[in-house]
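Line by line, the protein sequences are chains A and B.
The working numbering numbers the first residue of the first sequence as -9 and each following residue consecutively.
The working numbering numbers the first residue of the second sequence as 21 and each following residue consecutively.
Below: the structure, in structure tokens.
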Amino acid sequence: GENVEQHPSTLSVQEGDSAVIKCTYSDSASNYFPWYKQELGKRPQLIIDIRSNVGEKKDQRIAVTLNKTAKHFSLHITETQPEDSAVYFCAEAYSSYKLIFGSGTRLLVRP
Amino acid sequence: GAGVSQSPSNKVTEKGKDVELRCDPISGHTALYWYRQSLGQGLEFLIYFQGNSAPDKSGLPSDRFSAERTGGSVSTLTIQRTQQEDSAVYLCASSFPGGRGTDTQYFGPGTRLTVL
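In structure tokens form, the structure reads like this:
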């Protein structure tokens, strides 16, 4: 069925360190995997996405990797800064339209 | 250009009352989605519109929930006889051009609904 597992639920890192968030999905037909960042009281904002024909994608300090065989994908944030503190959601699209979201990871970057 | 907008930003209602939540998508976006986010939880899909039609209403929690879209633009989510478990943030998103899952979905700021 439709399911995305996201870990960890909370993550605390020192400023400058890296943060990694992992998601596992169940439907092998899924072909689109976006990541959203949601600051407190704000709307979710797309920060990066990856499609199934690509194994890795980078955008400055953010990267996403996809392993279709294992059905998992990960978000990597390097050189973390306090403004990276937020809740991050992974999602997958297994059909033509709706996104199935993970439960979120609350990231805290300690100055 | 303007992003997705929603109104009201906050709504407090009494149990049993009906509420209407409004979404204005990005101009030209043909696909529109409603999600629900309960406190501290992820986003739960409710309904999807392509133009004025709703091919998938499977996420609506009960028959108290309904939604419509007119003119291929504004959408209204209606909750009848509200219950306390309906309290959540209701988020709208839109995408262009075809509403495929691989089209980027842009979210509105949400409506925080509190049912007393």
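Glycine included, every Cβ here is placed at the ideal spot set by N, Cα and C.
Whose C-alpha, out of the options, is nearest the C-alpha of residue i?
i: A/Glu29; options: B/Leu66, B/Gly130, B/Leu52; result: B/Gly130
i: A/Ser(-1); options: B/Pro28, B/Ala22, B/Gly62; result: B/Gly62
i: B/Ser20; options: B/Glu64, B/Leu59, B/Tyr53; result: No statement about residue 20 of chain B is possible, as the shown extent of chain B runs from 21 to 136 and does not include it.
i: B/Phe85; options: B/Pro28, B/Pro75, B/Gln100, B/Ser78; result: B/Gln100
i: B/Gly36; options: B/Phe116, B/Asp106, B/Tyr126, B/Phe127; result: B/Asp106
In whole angstroms, give me the CA-to-CA distance for residue i and residue j.
i: A/Arg41; j: B/Ile67; result: 23 angstroms
i: B/Arg56; j: A/Ala60; result: 29 angstroms
i: A/Gln71; j: B/Gln104; result: 38 angstroms
i: B/Ser114; j: A/Glu5; result: 34 angstroms
i: B/Thr50; j: B/Ser73; result: 10 angstroms
i: B/Tyr110; j: B/Asp44; result: 13 angstroms
i: B/Thr124; j: B/Asn30; result: 26 angstroms
i: B/Leu136; j: B/Leu97; result: 19 angstroms
i: A/Thr68; j: B/Gly79; result: 36 angstroms
i: B/Gln70; j: B/Leu41; result: 19 angstroms
i: A/Lys27; j: B/Phe127; result: 11 angstroms
i: A/Gly94; j: B/Gly48; result: 30 angstroms
i: B/Asp38; j: B/Gly91; result: 24 angstroms
i: A/Ser8; j: B/Arg89; result: 44 angstroms
Mind checking which residues open and close the beta strand (DSSP E) that includes residue i?
i: A/Ala76; result: 76 to 83
i: A/Glu(-5); result: -6 to -3
i: A/His66; result: 62 to 67
i: A/Tyr22; result: 22 to 28
i: A/Ser16; result: Unbroken run through A/Ser16: none, as it is neither H nor E.
i: B/Thr131; result: 131 to 135
i: A/Asp39; result: 35 to 41
i: A/Leu1; result: 0 to 4
i: B/Ser25; result: 25 to 27
i: B/Gln57; result: 51 to 57
i: A/Val54; result: 52 to 57
Go ahead and pull the three-state DSSP assignment for residue i.
i: B/Gln100; result: coil
i: B/Asp83; result: coil
i: B/Asp44; result: strand
i: B/Pro75; result: strand
i: B/Asp106; result: helix
i: B/Thr88; result: In the sequence under discussion, the amino acid at residue 88 of chain B is Glu, which differs from the Thr named in the question. Three-state result, B/Glu88: strand.
i: B/Glu64; result: strand
i: A/Glu46; result: strand
Anything in chain A within Cβ reach of residue i, meaning under 7 angstroms, just list it in chain order.
i: B/Pro81; result: Neighbours of B/Pro81 on chain A: none; closest Cβ ~15 angstroms, over 7 angstroms.
i: B/Tyr68; result: Tyr87, Lys88
So with CB distances below 8 angstroms, who are the chain A contacts of residue i?
i: B/Gly130; result: Arg33
Name the chain A residues that come within less than 9 angstroms of residue i, Cβ to Cβ?
i: B/Tyr53; result: Tyr87, Lys88, Leu89
i: B/Thr124; result: Pro24, Leu36, Asp39
List the residues of chain B whose Cβ lies closer than 7 angstroms to the Cβ of residue i, in chain order.
i: A/Ser93; result: Gln61, Gly62
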